[in-house]
Amino acid sequence: MCVRNENASTGFLCRILELVYFVDFKHTPSNRRERAWQLFCYFLHFIIILFLFLRFLNIFCRTYRYPPELFQNLHENSIFLAFYLNIFLLCSRFSEIKCLTNSITNLFPHADSKIINASNVKAKLMCFAFLLSPVPIFIAKTIETFLPLSEQELHLRKLVYETKHPERRLFFPIYIPYIDESDYWISLVINTIEMYPLTVLAIVGSIIASLIPVWIAHMEGNYQILNSFIEQIGKPHSDHKGNIIHYTSVEKNEYKIVENITIIDKKTLPSTSRTSRVELVKRRKQEIQILYEKHYVKQLIEFHQKLTDVQCKASIMSVM
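If you count the sequence shown from 1, position 105 lands on 105 in UniProt numbering, and the numbers rise without skipping.
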């Protein structure tokens with residue numbers, strides 16, 4: 001069962017993927033609206049594939065004439081292709097990834113709010129750091145696109161790209177047969193259209209890079225919670241008011257207040273016993289404490305087992 005929590009950083013990442021039309025290939029639409037949405041998503045994926053195709057066409061048809069330009073385009077295309085292959089693989093397993101990321105966050109949502117909040121803050125900072133990382137690259141690329149070129153560079157570009165206006169450049173050059181992309185309106189339209197695949201590739205690439213660090217941040221918080229409970233083994237447990245408590249569920253942070261045993265039923269006293277009432281009360285408390293400790297340790301073992309299971313799933317998913 002997949003637990004949903006859109007306020008957490010992992011749910012936040014999944015929501016971003018949905019906003020950039022990250023479609024689940026395995027999901028079967030149940031109504032007309034979902035079918036229309038899925039078709040629109042497929043169309044946007046087609047735009048990205050077309051962009052990549054025109055990028056490679058540019059290499060085979062034009063940039064081979066000038067090795068430095070060829071190597072730069074090959075390097076950029078390899079990055080774009082790697083990002084899109086990751087997009088395709090994630091689309092085929094999107095439901096599993098969304099379920100896993102939300103499960104990691106909601107594994108023990110009420111166990112220790114301070115540690116959970118600290119993990120959420122740390123994970124969200126990582127998310128924003130990764131999401132903002134492409135911004136300087138976009139700024140640098142934009143400045144480079146509009147910077148004036150020397151006469152020698154203009155001459156080289158005219159030889160390589162065979163355009164009428166080599167001073168007009170695209171963010172990332174593509175080749176469309178029989179169309180001169182240096183024409184003002186054509187270059188404006190192409191640059192505008194290019195922004196979508198570039199933005200999607202940048203966002204999804206950043207999210208892919210941030211998923212594992214975000215998972216680690218939340219798993220670290222879960223292990224801190226487990227460690228804090230382990231440190232309490234053999235010690236009396238109390239709430240914020242100082243009352244002695246017994247945990248009924250460490251995962252949900254549920255407990256009951258333990259009342260002092262002050263009355264001993266006469267039927268429980270052996271007829272020949274010389275043990276004082278105080279000693280019997282003490283012994284009874286010890287028996288209750290031993291039973292509680294066993295139950296407490298059992299809960300921690302189950303706690304650890306759930307952590308291990310989720311960690312194994314995350315490890316398998318990160319490899320794939």
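A virtual CB, placed ideally from N, CA and C, is assigned to each residue, including glycine.
I need the DSSP call for residue i, collapsed to helix, strand or coil.
i	result
residue 178	coil
residue 256	strand
residue 30	coil
residue 315	helix
residue 238	strand
residue 249	strand
residue 208	helix
residue 244	strand
residue 154	helix
residue 75	helix
residue 298	helix
residue 161	helix
residue 292	helix
residue 3	Any reading at residue 3 must be qualified, since the residue scores a pLDDT of 45, below 50, and its modelled position is unreliable; the value itself is stated next. In this structure, residue 3 counts as coil in the three-state DSSP scheme.
residue 65	helix
residue 169	coil
residue 309	helix
Taking the alpha carbon of residue i as the point to measure from, which residue in the options has its own alpha carbon closest?
i	options	result
residue 295	122, 249, 213	249
residue 118	286, 251, 219	219
residue 162	178, 207, 149	178
residue 172	38, 183, 190	190
residue 380	46, 62, 104, 212	In the structure as shown, the chain starts at 1 and stops at 320, and residue 380 therefore has no counterpart that could be examined.
residue 127	216, 140, 292	216
residue 297	315, 235, 141	235
residue 206	84, 251, 185	84
residue 303	290, 64, 253, 287	253
residue 129	210, 93, 94, 96	210
residue 293	315, 306, 229	229
residue 94	208, 170, 67, 68	208
Under the assumption that residue i contacts residue j (Cβ atoms under 8 Å), give the Cβ distance between them as a whole number of angstroms.
i	j	result
residue 168	residue 182	4 Å
residue 112	residue 225	5 Å
residue 116	residue 221	6 Å
residue 48	residue 197	4 Å
residue 100	residue 256	Between residue 256 and residue 100 the Cβ distance is about 33 Å, and since that is not below 8 Å, they are no contact.
residue 70	residue 79	With a Cβ gap of about 15 Å, residue 70 and residue 79 do not count as contacting.
residue 54	residue 176	6 Å
Legend entry - Touching by the beta-carbon criterion (3+ pairs, under 8 Å), the region 135-143 and the region 239-248: no
Inset, instruction - Tell me, please, whether the region 281-298 touches the region 197-206 by the rule of three or more beta-carbon pairs shorter than 8 Å. - result: no
Inset, instruction - With a floor of 4 residues, list each alpha helix (DSSP H) that falls wholly inside the region 93-149, ordered by position along the chain. - result: 94-105, 113-132, 134-146
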